[in-house]
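A.B. asks: Under the working numbering, the residues of the sequence shown are numbered 11 to 478, in order.
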Amino acid sequence: MPEKYHIKTAHVQPRLPRIGKYGVVDWREDCARCHNCVKKACVYDKYREENTFIRDIDEVHTLYYECMGCFSCIQNCTKNLLTLSINSEYKKLGNSYWTPQLFSTLWLEAETGKVPVSGAGYRGKFSGHGFDAMWTDMSEIVRPTRDGIHGREYISTSVDIGKKPSYLSFENDRLTSVLPPIISLPFPVVFDTPSEKHSLPQLNPFILETARQTGLIAIIGSGSWEAINLENKEEYLNNVAFLLEADGPEIPTDILNRTRLVEIPDSKEIVQQVTRLKKALPDCVVAVRVPLNGNALRRVEELSQSGIDTFHLIADLNGNETGTKSPRFIKDVVREIHGMLIKNEKRDEITLIAGGGIALAEHVAKAIICGADLVSINIPLMIAVECHLCDSCKPGDYCPAKLDKDIDFNYGVGRMVNLIGAWYWQMVELMGAMGMREARRLRGDVGRAMFKDELEEEIYGLIFRKQH
Numbered sequence: 011m012p013e014k015y016h017i018k019t020a021h022v023q024p025r026l027p028r029i030g031k032y033g034v035v036d037w038r039e040d041c042a043r044c045h046n047c048v049k050k051a052c053v054y055d056k057y058r059e060e061n062t063f064i065r066d067i068d069e070v071h072t073l074y075y076e077c078m079g080c081f082s083c084i085q086n087c088t089k090n091l092l093t094l095s096i097n098s099e100y101k102k103l104g105n106s107y108w109t110p111q112l113f114s115t116l117w118l119e120a121e122t123g124k125v126p127v128s129g130a131g132y133r134g135k136f137s138g139h140g141f142d143a144m145w146t147d148m149s150e151i152v153r154p155t156r157d158g159i160h161g162r163e164y165i166s167t168s169v170d171i172g173k174k175p176s177y178l179s180f181e182n183d184r185l186t187s188v189l190p191p192i193i194s195l196p197f198p199v200v201f202d203t204p205s206e207k208h209s210l211p212q213l214n215p216f217i218l219e220t221a222r223q224t225g226l227i228a229i230i231g232s233g234s235w236e237a238i239n240l241e242n243k244e245e246y247l248n249n250v251a252f253l254l255e256a257d258g259p260e261i262p263t264d265i266l267n268r269t270r271l272v273e274i275p276d277s278k279e280i281v282q283q284v285t286r287l288k289k290a291l292p293d294c295v296v297a298v299r300v301p302l303n304g305n306a307l308r309r310v311e312e313l314s315q316s317g318i319d320t321f322h323l324i325a326d327l328n329g330n331e332t333g334t335k336s337p338r339f340i341k342d343v344v345r346e347i348h349g350m351l352i353k354n355e356k357r358d359e360i361t362l363i364a365g366g367g368i369a370l371a372e373h374v375a376k377a378i379i380c381g382a383d384l385v386s387i388n389i390p391l392m393i394a395v396e397c398h399l400c401d402s403c404k405p406g407d408y409c410p411a412k413l414d415k416d417i418d419f420n421y422g423v424g425r426m427v428n429l430i431g432a433w434y435w436q437m438v439e440l441m442g443a444m445g446m447r448e449a450r451r452l453r454g455d456v457g458r459a460m461f462k463d464e465l466e467e468e469i470y471g472l473i474f475r476k477q478h
């Protein structure tokens, strides 16, 4: 049995005041100054914390919004002077997909490194867009002492990148098959390069150190490597994958040979490029970056027949296809590609990395259930260091998270490591609840999930078809 994977986490305080959802507005004009004021009885002691916060405040536009929303003080005030308000800054966070609630979850994970538990139950919608239209099967959750974080059985989250040979040849009891390079990662996540719209090069040193501490891989654009300011940065090459951009500088072969993975964007001459790279870098896995633009299914089928074995499927920021009138979500495209590879008897030879729209720990498992081998993320790492995911993020723009200022190295790395640590424990909990011991076995196991569209079709499809 391999050594149990462990991510060391520690509490890391935020640099800036927390942007909570709720605050209590106090109308003091009619206050009776009760000696047993409900504020003093706050079970979370938020009023005392607010007084301390106001004394130490640095910016007048920063307000205290850390109310837990229990309504105790509002209901018990004899003068009805207190009312709950929603923070306007909270509502500005992210977009329709990267919701404020998602920010709160990621910030809590980055601060504590623990599984976020509200204790108040889930009061949101039963289903929604994207991964929220998919539910995992938790029928094995009845064995908490055996499974999950505190369980006695080992649950492996390891996955492989690269071509797996379909058979092995032996002669005179000796292996004669030539084994292709395979990368084993302890957790099914790689760190991807950010989009041009949300590019923060100053975070690259934090991301590289996080990759080293967690045993994962960070994809770095060939044009970004020289600008990364790290001592002995060549020691990080085992945890680096270079994206060899067409217009980027050339990375020396001796540097590339010290990495385990390289990526190149899809192009008309991609087969020849991959062949040359595999010859020059025999110990590296070569992945092709394929955009989900409505043509990905045909493109992966064509390239897989040509001998390419690793694909990085890229959706947009919100996990949708690009360049199509009716974009589909990444989970639907991955399921389609996974099914095609099974039909062509190629699935076990191919690695699929799914990137775009992976916002929570549960999305990692759901993407794998849909057919991906692993996922790539970038936006969650930015949010971990308190990014607001503004519409415009360019050098010189005002940054409400102050990411344009000098950021403490230990703070940035600590928050990112905590995030991955929290995701790892949630993956273990989820797999334990599903009765799974091996992340590789989770791939494409749609029997472990329910899909809203399929359930609606099964239950109501016949009724509505008859009406029409």
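By construction, the Cβ of each residue, glycine as well, lies at the ideal position given by its N, Cα and C atoms.
Of all the options N420, S95, A364 and V34, which has the alpha carbon lying nearest to the alpha carbon of Q23?
C.D. replies: If we check each option's Cα against that of Q23, N420 comes out closest.
A.B. asks: Is the distance from the Cβ of I171 to the Cβ of V295 below 7 Å?
C.D. replies: Going by C-beta atoms, I171 is nearer than 7 Å to V295.
A.B. asks: With a floor of 4 residues, list each alpha helix (DSSP H) that falls wholly inside the segment 214-283, ordered by position along the chain.
C.D. replies: DSSP runs (the alpha helix (DSSP H)) wholly in the segment 214-283: 214-224 and 263-266.
A.B. asks: Which parts of the segment 68-122 are runs of the alpha helix (DSSP H), unbroken and 4 residues or longer, counting only runs that do not cross its ends?
C.D. replies: You should have 82-86, 98-101 and 110-122.
A.B. asks: What's the call for C44, buried or exposed, on a 16-neighbour Cβ count within 10 Å?
C.D. replies: Classification for C44: exposed.
A.B. asks: Going by alpha carbons, who is nearest to G333 out of N303, I360 and I324?
C.D. replies: The shortest Cα separation from G333 among N303, I360 and I324 belongs to N303.
A.B. asks: Once DSSP output is grouped into helix, strand and coil, what is the label at L429?
C.D. replies: Residue state, collapsed to three classes: helix.
A.B. asks: Would you tell me roughly how many angstroms separate the C-alpha atoms of V344 and A51, rounded to the nearest one?
C.D. replies: The straight-line gap from Cα to Cα measures roughly 52 Å.
A.B. asks: Decide if M392 is buried, meaning its Cβ has at least 16 other Cβ atoms within 10 Å, or exposed.
C.D. replies: By the neighbour-count rule (16 or more Cβ atoms within 10 Å), M392 is buried.
A.B. asks: Skipping 5 residues on each side, what residues in its chain have a beta carbon closer than 6 Å to that of A369?
C.D. replies: Contacts found: L112.
A.B. asks: Go through its chain and collect everything with a Cβ distance to E346's Cβ below 8 Å, but skip five positions before and after it.
C.D. replies: The answer, listed in chain order, is L307.
A.B. asks: Please report the residue range of the alpha helix (DSSP H) in which M392 lies.
C.D. replies: Here the alpha helix (DSSP H) through M392 covers I389 to A394.
A.B. asks: So, for G424: in the same chain, excluding its five sequence neighbours on each side, which residues have a beta-carbon less than 7 Å away from its beta-carbon?
C.D. replies: Closer than 7 Å at the Cβ level, and outside the excluded window around G424, lie A20 and V22.
A.B. asks: Going by alpha carbons, who is nearest to S316 out of N428, Q212 and E359?
C.D. replies: Comparing Cα positions, the closest option is E359.
A.B. asks: Counting beta carbon pairs with one atom in the segment 395-414 and one in the segment 227-240, are three or more of them shorter than 8 Å?
C.D. replies: They do not touch, by the three-pair rule.
A.B. asks: In whole angstroms, what is the alpha-carbon distance linking E181 and I17?
C.D. replies: C-alpha separation (whole angstroms): 42 Å.
A.B. asks: Looking at the unbroken beta strand (DSSP E) that takes in L323, where does it start and where does it end?
C.D. replies: Note, L323: beta strand (DSSP E), T320 to I324.
A.B. asks: Pull up the distance between the alpha-carbon of I473 and that of E467, whole angstroms please.
C.D. replies: Computed Cα separation, rounded: 9 Å.
A.B. asks: Select from G123, W145, L103 and D293 the residue whose C-alpha is nearest the C-alpha of H373.
C.D. replies: It is W145 whose Cα lies nearest to the Cα of H373.
A.B. asks: Measuring CB atoms only, is the segment 439-447 touching the segment 232-240, in the sense that at least three cross pairs come out at less than 8 Å?
C.D. replies: Cβ pair count under 8 Å is below three, so no.
A.B. asks: Alpha carbon to alpha carbon, what distance is there between D455 and S149?
C.D. replies: Those two C-alpha atoms are separated by around 15 Å.
A.B. asks: Name the two residues that bound the continuous beta strand (DSSP E) containing M144.
C.D. replies: Per DSSP, M144 belongs to the beta strand (DSSP E) from M144 to T146.
A.B. asks: Between the segment 185-200 and the segment 381-390, do at least 3 Cβ pairs fall closer than 8 Å?
C.D. replies: Yes, the segment 185-200 touches the segment 381-390.
A.B. asks: Please confirm whether A375 and A364 have their CB atoms less than 7 Å apart.
C.D. replies: Cβ atoms of A375 and A364: not closer than 7 Å.
A.B. asks: Under 8 Å by Cβ, that's how I've got G30 and N97 pegged, so tell me the actual separation to the nearest angstrom.
C.D. replies: That belief holds up - the Cβ atoms of G30 and N97 are roughly 6 Å apart, short of 8 Å.
A.B. asks: Does DSSP classify V456 as helix, strand or coil?
C.D. replies: In this structure, V456 counts as helix in the three-state DSSP scheme.
A.B. asks: Could you tell me whether the segment 445-455 touches the segment 244-254, where touching means 3 or more Cβ pairs closer than 8 Å?
C.D. replies: Contact between the segment 445-455 and the segment 244-254 is absent, because fewer than three Cβ pairs lie under 8 Å.
A.B. asks: Please determine, among S314, E279, T320 and F252, the residue with the shortest C-alpha to C-alpha distance to D264.
C.D. replies: Per the Cα distances, F252.
A.B. asks: Please state whether the Cβ-Cβ distance between G366 and A325 is less than 7 Å.
C.D. replies: Yes, they are a contact pair.
A.B. asks: Output the distance between the C-alpha atoms of M426 and N354, rounded to the nearest integer angstrom.
C.D. replies: If I take the Cα positions, the gap works out to 39 Å.
A.B. asks: Grab me the residues of P337's own chain with a C-beta within less than 7 Å of its C-beta, minus the 5 sequence neighbours each way, in chain order.
C.D. replies: Cβ neighbours of P337 beyond the five flanking positions: N330 and E331.
A.B. asks: In chain order, what residues of the same chain have a beta carbon less than 7 Å from the beta carbon of F461, not counting five sequence neighbours either side?
C.D. replies: Closer than 7 Å at the Cβ level, and outside the excluded window around F461, lie A143 and M144.
A.B. asks: Taking all protein chains shown into account, decide if V272 is buried (16 or more other Cβ within 10 angstroms of its Cβ) or exposed.
C.D. replies: Buried: at least 16 other Cβ atoms inside 10 Å.
A.B. asks: Let me know the secondary structure DSSP gives P198 once reduced to three states.
C.D. replies: Three-state result, P198: coil.
A.B. asks: Helix, strand or coil for P211 per DSSP?
C.D. replies: Correct three-state label for P211: helix.
A.B. asks: Count the other CB atoms, across all protein chains shown, that sit within 10 Å of the CB of P262; report buried if there are 16 or more and exposed otherwise.
C.D. replies: Exposed.
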